[in-house]
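Numbering (this note's numbering), first residue to last: 1 to 173.
Glycine included, C-beta positions come from ideal geometry on N, C-alpha and C.
All values reported here derive from a predicted model rather than from experimental measurement.
Since the structure comes first, as structure tokens, the remarks are kept for the end.
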């Protein structure tokens with residue numbers, strides 16, 4: 001059952017209490033005012049839940065579990081509710097969740113990998129159009145191989161970051 005609430009000044013609350021005492025108190029008076037304002041015809045419930053499609057869940061934890069949630073959430077820079085939601089999301093959908101600082105680091109690494117890829121493409125294009133002989137060509141091909149290794153290392157680092165994140169949220173914590 002929905003609850004309606006509002007904040008009023010102490011003076012207004014006192015006057016409302018005095019006026020509602022004769023009809024059964026605050027709740028009875030408020031219910032009567034809401035019924036009068038809404039009219040007597042039933043209103044069909046909206047087909048969509050509105051702008052929120054998330055369900056709210058309240059969980060009671062013992063002190064040690066609550067401390068654990070608070071510590072883990074703080075370590076990732078998340079609120080307690082966000083940490084619990086991320087844990088549930090991971091188990092329900094397999095989707096990873098990163099702390100904001102980790103997300104920014106992964107974005108930076110992705111940018112570096114992208115820049116390396118652009119460089120490799122430029123070098124490959126240059127090698128395809130240039131006429132080089134002997135050691136010059138070998139040197140350029142060595143540079144392309146070095147960039148390829150660096151690119152693979154960055155991609156491996158991204159894979160390790162995702163694997164580590166998924167392991168963090170695994171069921172056997």
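A straight line joining the alpha-carbon of residue 21 with that of residue 33 spans about 14 Å. Put simply, the backbone Cα of residue 69 is about 20 Å away from that of residue 55. A check of alpha carbon separations from residue 141 across 156, 82, 123 and 154 identifies 123 as the nearest.
Looking at 149, 102 and 117, the one whose alpha-carbon comes closest to that of residue 164 is 102.
With fewer than 16 other CB atoms across the displayed protein chains lying within 10 angstroms of its CB, residue 105 is exposed. By the beta-carbon neighbour count (other beta carbons within 10 angstroms, threshold 16), residue 28 is exposed.
Rounded to the nearest angstrom, the Cβ distance from residue 151 to residue 116 is 5 Å, consistent with a contact under 8 Å.
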